[in-house]
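Colleague:
In structure tokens form, the structure reads like this:
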């Protein structure tokens with residue numbers, strides 16, 4: 335195995351750690367602005383997306399745009415201008431070949447083969463096999479890490495989350511159901527923040543979810559006035575399609591009884607026509623939130639690095655931002671580039687472009703596949719409807735106890751035209767579709783491109799793909815369309831979907847991983863953070879058990895439960911494929927990048943209800959140890 339070997343236990347290699355590369359120069363823009371063309375939209379561009387014929391979606395009229403618009407983007411794209419203190423963390427970058435021995439290695443290759451040893455050299459995997467294979471390596475300088483029976487898997491992949499929105503919201507207080515089971519508990523926490531805040535501070539909250547928190551369904555101005563009458567209070571709904579504010583925030587924004595409603599993004603009103611503090615849709619949100627000038631102090635770089643570090647602690651070595659451009663247009667890519675050049679990007683980033691600023695993207699000349707192994711554009715993202723738990727997912731029939739069927743964010747004919755246009759330009763597509771009618775419209779659009787021979791850049795995806803009928807699954811299988819399921823719908827909202835949103839029969843059609851598996855469709859699972867928190871092991875447990883948080887003794891649609899092996903594929907090999915990166919990551923094979931996670935135990939063994947609690951011991955990305963417990 336080589337002439338020199340140093341032996342360390344798995345958890346005691348820190349003595350050899352080295353600091354990551356320091357920022358060493360100004361980040362260069364990934365996109366060149368054509369002469370005379372402004373590629374950076376302001377808030378009003380984003381809030382008035384020209385592609386919609388119905389209600390603007392959160393991605394095109396984002397809750398965050400007005401916050402991000404106030405940030406110093408020139409500083410954020412120049413690593414030399416960053417306040418380096420607290421931003422750089424040490425990672426271990428070996429200078430020799432590293433061999434992990436005495437491990438249970440799940441390679442996640444086609445045969446689901448196992449090994450006991452793996453060797454990495456530089457950024458890549460050198461060899462995978464047994465001890466004899468390692469002894470035959472002709473490497474002059476080797477470091478041996480004894481794993482003592484621990485389990486090694488390919489690094490986990492989060493195929494759908496929102497990077498800069500997560501970074502933006504990092505400093506906003508989480509008052510969601512995982513911290514406060516009741517609405518009153520959330521209000522009490524906001525009151526505590528108000529009592530200690532400075533006079534001009536905004537009291538901000540996020541993740542409020544009335545479908546999971548006991549109490550009123552809406553945070554009206556009256557409820558939030560109990561928090562404060564002299565400080566503005568502003569709370570994001572977990573879906574990000576709604577927000578709530580108090581009387582002071584409405585006053586600052588100049589919103590009165592006489593303020594006209596945007597037909598697609600209105601203000602909630604009481605029986606007398608007075609604004610009740612409920613803000614529906616991105617434009618209404620933005621009209622209030624943009625007045626919070628304290629947002630200038632948000633350090634998106636520090637927050638982004640915190641998100642990356644947290645991802646590493648969960649075993650994540652790649653995530654895919656779905657809807658890049660939703661906060662600050664094409665400038666977001668410059669932030670990605672700057673973080674990458676700083677040496678602090680310890681997850682690979684894949685990203686989909688938000689369709690809401692199509693003309694801006696087209697002006698840059700960006701193409702599908704632009705970038706490198708660290709940061710790469712892979713997909714064009716379209717949002718066709720809203721959220722089912724927010725009653726804005728587009729359905730074939732009305733919601734339970736209601737007369738409405740949700741909202742088409744894009745007219746079906748326009749959706750078809752958009753898919754044909756983007757596919758003809760070589761783009762892979764990812765289309766957000768929650769309701770079953772939205773999925774019908776999405777499949778119609780894909781079918782038009784498929785029949786025209788344009789779906790050549792595969793896979794194309796359906797994001798969330800929440801309510802699936804058998805015939806829709808058949809259509810997906812025929813065209814090779816791949817769903818990515820927000821599996822937390824089952825765990826967190828399953829009971830609400832059954833009892834308040836759909837009824838028993840339709841709720842059983844939620845997140846049909848089992849049916850897709852039986853049809854040979856490749857699928858993935860995701861968190862959609864900040865909608866639910868990132869956590870691949872938790873997602874695996876949710877998909878395997880399909881238990882519901884509020885009713886843990888009940889399994890929602892047990893026929894849709896899948897094996898642990900299938901769930902592991904969904905967060906490794908198939909997620910890499912879905913993110914157009916399976917040629918370089920997703921399995922532990924010679925020549926691929928050394929992206930791996932070390933777990934305390936094998937998820938296939940023991941109680942599946944405990945998978946989410948399995949500890950991540952180490953995470954390696956590109957041959958560097960980026961997390962150690």
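In this note's numbering, the protein residues as written are 335 to 963.
Built from N, CA and C at the ideal position, the CB exists for glycine as well.
What's the C-alpha gap between residue 585 and residue 552?
Modeller: When rounded, the distance between both Cα atoms is 20 Å.
Colleague: Nearest to residue 702 by CA position, among 790, 907, 660, 736, is which residue?
Modeller: It is 790 whose Cα lies nearest to the Cα of residue 702.
Colleague: For residue 467, which of 848, 782, 451, 458 has the nearest alpha-carbon?
Modeller: Nearest C-alpha to residue 467: 451.
Colleague: Who are residue 598's beta bridge partners in DSSP?
Modeller: Answer is none; residue 598 lacks a bridge partner.
Colleague: From the DSSP output, in three-state form, read off residue 432 for me.
Modeller: Three-state result, residue 432: strand.
Colleague: How should residue 501 be labelled, buried or exposed, when 16 other C-beta atoms within 10 angstroms of its C-beta is the threshold for buried?
Modeller: Buried is the call here.
Colleague: Check whether the Cβ atoms of residue 802 and residue 846 lie closer than 7 Å to each other.
Modeller: A contact, by the Cβ cut-off of 7 Å.
Colleague: Pull up the distance between the alpha-carbon of residue 886 and that of residue 829, whole angstroms please.
Modeller: Their Cα atoms are separated by approximately 10 Å.
Colleague: For the stretch 503-513 against the stretch 593-606, do three or more pairs of beta-carbon atoms, one drawn from each stretch, fall closer than 8 Å, so that the two count as touching?
Modeller: As far as the Cβ criterion goes, the stretch 503-513 does not touch the stretch 593-606, which means the pair count is below three.
Colleague: Are the beta-carbon atoms belonging to residue 435 and residue 480 less than 7 Å from one another?
Modeller: Yes; because the gap between Cβ atoms is below 7 Å, this pair is in contact.
Colleague: With 16 other CB atoms within 10 Å as the buried threshold, where does residue 959 fall?
Modeller: Buried.
Colleague: Quick one: any contact between the stretch 484-494 and the stretch 644-658, if contact means 3 or more CB pairs under 8 Å?
Modeller: Flag = yes, the stretch 484-494 and the stretch 644-658 touch.
Colleague: Taking the alpha carbon of residue 936 as the point to measure from, which residue in 704, 810, 642, 951 has its own alpha carbon closest?
Modeller: Selected option, being the one with the closest Cα: 951.
Colleague: Per DSSP, what kind of secondary structure is residue 396 in: helix, strand or coil?
Modeller: With a pLDDT of 45 at residue 396, under the threshold of 50, the predicted position of this residue should be treated as unreliable, and no value is reported.
Colleague: Between which two residues does the beta strand (DSSP E) holding residue 765 run?
Modeller: Element bounds for residue 765: 763-767.
Colleague: Going by the CB atoms, is the gap between residue 835 and residue 766 shorter than 7 Å?
Modeller: It is not a contact, given that the beta carbons lie outside the stated cut-off.
Colleague: Could you spell out where the alpha helix (DSSP H) holding residue 847 opens and where it closes?
Modeller: Start and end: 847-852.
Colleague: DSSP state of residue 542, grouped into three classes?
Modeller: Residue 542 falls in the strand class under three-state DSSP.
Colleague: Could you tell me which residues DSSP pairs with residue 578 in its beta bridges?
Modeller: Bridge partners of residue 578: 569, 612.
Colleague: Where residue 549 and residue 682 are concerned, what is the direct C-alpha to C-alpha distance, given to the nearest angstrom?
Modeller: In a straight line, the C-alpha of residue 549 is about 41 Å away from that of residue 682.
Colleague: Just the C-alpha distance for residue 955 and residue 633, rounded to the nearest angstrom, thanks.
Modeller: Roughly 25 Å separates the two Cα atoms.
Colleague: Residue 730 and residue 771 - do their beta-carbons sit closer together than 7 Å?
Modeller: Cβ atoms of residue 771 and residue 730: closer than 7 Å.
Colleague: Within the chosen definition, does the stretch 872-883 reach the stretch 751-765 through at least 3 CB pairs nearer than 8 Å?
Modeller: Judged by Cβ distances under 8 Å, the stretch 872-883 makes no contact with the stretch 751-765, as fewer than three pairs qualify.
Colleague: According to the Cβ coordinates, are residue 727 and residue 768 closer than 7 Å?
Modeller: Cβ atoms of residue 727 and residue 768: closer than 7 Å.
Colleague: Suppose the cutoff is 7 Å on Cβ atoms and the five residues either side in sequence are ignored; what does the same chain contact list for residue 559 look like?
Modeller: Taken in chain order, the residues that qualify are 580, 581.
Colleague: Can you tell me whether DSSP reads residue 653 as helix, strand or coil?
Modeller: Strand at residue 653.
Colleague: Taking just the CA atoms, how far does residue 815 sit from residue 794?
Modeller: Straight-line Cα distance between these residues: approximately 6 Å.
Colleague: Could you name the residues that DSSP lists as bridge partners for residue 508?
Modeller: Residue 508 pairs with 540.
Colleague: Would you list the one or two residues that DSSP bridges to residue 641?
Modeller: For residue 641, which the question treats as bridged, DSSP gives no partner whatsoever.
Colleague: Could you check if residue 389 is buried or exposed, using at least 16 other CB atoms within 10 Å of its CB as the buried criterion?
Modeller: Note that residue 389 has pLDDT 41, beneath the 50 cutoff, so the model's placement of it is unreliable and the number below is only indicative. With 16 or more Cβ atoms within 10 Å of its Cβ, residue 389 is classed as buried.
Colleague: Considering only the alpha carbon of each residue, which of 674, 822, 832, 503 lies closest to residue 876?
Modeller: Per the Cα distances, 822.
Colleague: Counting Cβ pairs, one atom from each stretch, are 3 or more of them under 8 Å apart for the stretch 559-568 and the stretch 590-601?
Modeller: No, the stretch 559-568 does not touch the stretch 590-601.
Colleague: Among the residues of its own chain, which have a CB less than 6 Å from the CB of residue 784, if the five just before and after it don't count?
Modeller: Counting only Cβ-Cβ distances below 6 Å, and skipping sequence neighbours, we find 813.
Colleague: With a threshold of 6 Å, establish whether the CB of residue 662 neighbours any heavy atom of the ligand COA.
Modeller: Among the ligands in the structure shown, none appear at all, so the ligand COA cannot be discussed.
Colleague: The beta strand (DSSP E) spanning residue 711 covers which residue range?
Modeller: Where residue 711 is concerned, the enclosing beta strand (DSSP E) stretches over 709-717.
Colleague: Less than 8 Å between the CB atoms is what I'm expecting for residue 613 and residue 577, so what's the real figure, rounded?
Modeller: Between residue 577 and residue 613 the Cβ distance is about 4 Å, and since that is below 8 Å, they are a contact.
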